[in-house]
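Reading through the structure tokens given below for one structure.
In the numbering used here, the protein residues as written are 7 to 318.
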């Protein structure tokens, strides 16, 4: 099977390191080359340029006006006042504003190359992270928007955090590049211990990262938790959607829906939106393990030749 260019870059990246550190250390570079740029997404950042200035700068034979977008992960959209104020202060390193995404994250745009490490460092010290906010991994897990303090909403928030912890990638590249080797864990709920029987079936043999292996996922993987009857996160538009079932006011288990997504390319009939389909019901203690089994299936059988057809 032939692989896309992205697959070859991931495989040769030594755990998503590639040339990122070297290119950021080179002050003469205004931007990253293609390999580092592709890998940077896994660390939660996109390289961009000011489109409004492209034509003018091209006439003057000047390089593009490069900058970076940084995205913070907030499972279930949860953020403390302190974390918000830290992000507000970080606006001074960007364009002076925060952008709240429709997947419950925060984006800072216009960060210059020399300021990226400081911004990521401060995000991590706030108790959040940018790791896996972009790239071919499990992205930020969404939860119900209203912070209602009942059993269903409290469990949904906990579940989004458990999932986010389980699917953080394991390579030390993130800490080595942005945190000078310091290990900082986001202040989310700890993921339950994986069932050994599940891990035996889902793990990549011999890989440092048992979930993602050496080539990670074919494309991004999106998850969301909704509480009936409100579908404010649109579980049917996600690769994996989860809906709790309550018995006597307590969450007994979840129904899982798979295969949703709105991505399509105009004029390409091989791409189309798709609503997630019901897969099965599972008791609450096994939901995160079930999510790992589903993600590992996509990892092993997803399309790695054509990225436009690589979603679950």
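Ideal placement from N, C-alpha and C gives every residue a C-beta, glycine not left out.
Note that the coordinates shown come from a computational prediction; the quantities given were computed from them, not determined experimentally.
Over what stretch of residues does the alpha helix (DSSP H) that includes residue 284 continue unbroken?
From DSSP, residue 284 is part of no alpha helix (DSSP H) but of the beta strand (DSSP E) over 283-289.
Mind checking whether residue 293 and residue 229 have CB atoms under 8 Å apart?
no
Which runs of the beta strand (DSSP E) fall wholly inside the stretch 14-73 and span at least 3 residues, in chain order?
51-55
Check the DSSP bridge columns for residue 112 and list the partner residues they point to.
78 and 106
Grab me the residues of residue 137's own chain with a C-beta within less than 8 Å of its C-beta, minus the 5 sequence neighbours each way, in chain order.
48, 49, 50, 79, 174, 175 and 180
So, residue 241 versus residue 263, is the Cβ gap smaller than 8 Å?
yes
Cα-Cα separation between residue 191 and residue 65, rounded to whole angstroms:
47 Å
Does the beta-carbon distance from residue 279 to residue 265 come in below 8 Å?
no
DSSP beta-bridge partners for residue 256?
253
Pairwise C-alpha distance: residue 301 and residue 307:
10 Å
If you measure between the beta carbons of residue 24 and residue 81, is that distance less than 8 Å?
no
Residue span of the alpha helix (DSSP H) that contains residue 125, given as start and end
122-131
For residue 220, which of 205, 103, 17 and 100 has the nearest alpha-carbon?
17
Between which two residues does the beta strand (DSSP E) harbouring residue 230 extend?
229-231
Between the Cα of residue 27 and the Cα atoms of 60, 187, 116 and 107, which residue gives the shortest distance?
187
Cβ shell of residue 287 (< 8 Å), same chain only, five flanking positions each side left out:
251, 259, 260, 261 and 262
Per DSSP, the bridge partner or partners of residue 135:
79
Taking just the CA atoms, how far does residue 299 sit from residue 207?
8 Å
Burial state of residue 7, where buried means 16 or more other Cβ atoms lie within 10 Å
Only weak support exists for where residue 7 lies, its pLDDT of 45 falling under 50; the coordinates are left without a value.
Residue nearest to residue 163 in terms of C-alpha spacing, selected from 83, 39, 75 and 69:
83
Taking C-beta to C-beta, are residue 53 and residue 43 nearer than 8 Å?
yes
Helix, strand or coil at residue 96 according to DSSP, with G and I counted as helix:
helix
Within its chain, find whatever has a CB closer than 7 Å to the CB of residue 185; leave out the 5 residues flanking it on each side and keep chain order.
127 and 130
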